[in-house]
Amino acid sequence: MIGFVYVLGSKASDGYRTYVGWTDDIERRLAQHNSGTGAKSTRGRVWCLIYAERVPSRCEAMSREWYLKRDRPLRRQLALSAQGYAS
Numbered sequence: 001m002i003g004f005v006y007v008l009g010s011k012a013s014d015g016y017r018t019y020v021g022w023t024d025d026i027e028r029r030l031a032q033h034n035s036g037t038g039a040k041s042t043r044g045r046v047w048c049l050i051y052a053e054r055v056p057s058r059c060e061a062m063s064r065e066w067y068l069k070r071d072r073p074l075r076r077q078l079a080l081s082a083q084g085y086a087s
């Protein structure tokens, strides 16, 4: 199974939020997040895809997700780029 690790971005009243996840179908998963049936932490916001990475297996997707969730500087850089700021 080919999987994807992704980072979503959402503009909020208290700043820009990011969410990291993995899936085998990015379009379906983004639609779930935006319809309120995704993860609880993504409900009530409008999300856009700011980063995606293809990985060869579910195991590798989960491992990469774990890494990206802890790499705050990278997520901050992705968020700034998504908002139109150059780093």
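Each residue of the sequence shown is one higher than the last, beginning at 1 in UniProt numbering.
Backbone N, C-alpha and C define an ideal beta-carbon position, used for all residues, glycine too.
Excluding the 5 residues preceding and the 5 following residue i in the sequence, name in chain order all residues of the same chain whose CB lies nearer than 7 Å to its CB.
i          : result
residue 54 : 2 and 4
From the options, pick the residue whose C-alpha is nearest to that of residue i; which is it?
i          : options           : result
residue 11 : 73, 50 and 64     : 50
residue 6  : 74, 85, 84 and 83 : 74
List the residues that DSSP assigns as beta-bridge partners of residue i.
i          : result
residue 54 : 4
residue 67 : DSSP lists no partner for residue 67.
residue 23 : 4
residue 11 : 16
residue 48 : 9
For my contact list, residue i and residue j are in at a C-beta cut-off of 8 Å; report their separation, rounded to the angstrom.
i          : j          : result
residue 61 : residue 18 : Their Cβ separation, rounded to whole angstroms, is 17 Å, which puts residue 61 and residue 18 out of contact at 8 Å.
residue 33 : residue 47 : 5 Å
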